[in-house]
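Just so we're aligned: the sequence shown equals residues 19 to 211 in the working numbering. Positions of the beta carbon are idealized from the N, C-alpha and C atoms, including for glycine. Since we're looking at a predicted model, the values are computed, not measured. Have a look at the structure below before the remarks.
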Amino acid sequence: DHQFLYPILMKISSFCLILTLVVYAGVPKLRQKTYGRCFMSLITTILMFYITSIHNYDHSVTHDVYQCITSAFFMYVNNLAIFFWLNVMGFELWRTFCWPATVKQLSRKKFIKYSLYAWGCPILMGCIAIGIDNLPQNYVSLPPNFSACYLAGKLVNWAYFYWVIIAANYINLCFFIHMCYKMCKMKNVSIKR
């Protein structure tokens, strides 16, 4: 049964994510690089999403409206942040591979900028969604309806979530295609020599 199996699998995944974080936190070489910090942030974001989801499954009957809204906000922001962190990691790989001479910025400073983007955009979008959710119904035709413990309905998911995922994945695809192009170009140059 989906309702029974899903929380168990998420708990197993959460345990594995915690182990991954412990390894990255315990090995200085992994956590000191920008990519390692970004990866740890991605893992933390996924873990927070899973913990909130597990909480929703475990307490789905006892939720009051404010618990649902709070839980939905955290799930929404963390779910978006997962894709923003993937976008940051794609950009960092692309930038490091395609423009190595420009990668001179201090790792900590760069990570702070990445964090502002990867956390700031989802939090801003979450606040906007909460604001829209609190408008009178005659002003909004498609509110997120966080009182249902997450986004309610396919159109709502498209309006507040799916388009962001598509945009982030499209950008990552562009990074990947450009990296492949650069690799092929480098391969052709080395073959000619």
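Contact check, residue i vs residue j, beta carbons under 8 Å
i    : j    : result
L191 : V174 : no
I87  : F164 : yes
C167 : A90  : yes
Q21  : S125 : no
F129 : T38  : no
Whole-angstrom C-beta distance between residue j and residue i, which should lie under 8 Å
i    : j    : result
C56  : F102 : With 8 Å as the limit, C56 and F102 do not qualify as a contact, their Cβ atoms being about 11 Å apart.
F115 : K200 : 7 Å
Y94  : G144 : 5 Å
L65  : S32  : 6 Å
V158 : I148 : Not confirmed; about 12 Å, so no contact.
W112 : M197 : 6 Å
Residues near residue i by beta carbon distance below 7 Å, same chain, minus five either side
i    : result
G54  : Y42, L48
T63  : N96, A99, I100, W103
I141 : V95
Y135 : F102, V106
K29  : I72
V83  : S165
W137 : A99
V40  : none
Burial state of residue i, where buried means 16 or more other Cβ atoms lie within 10 Å
i    : result
Y68  : buried
N156 : exposed
V106 : buried
I146 : exposed
I36  : exposed
Y178 : buried
A185 : exposed
Y132 : buried
F194 : exposed
L27  : exposed
G44  : exposed
Own chain partners of residue i with C-beta closer than 8 Å, once the 5 adjacent residues on each side are dropped
i    : result
L153 : P161
V182 : L98, F101, M143
L169 : A90, Y94, P162, N163, N175, Y178, F179
Residues of its chain near residue i, where Cβ-Cβ distance is below 6 Å and the 5 sequence neighbours each way are ignored
i   : result
Y75 : P25
M58 : Y42
F92 : T70
C34 : none
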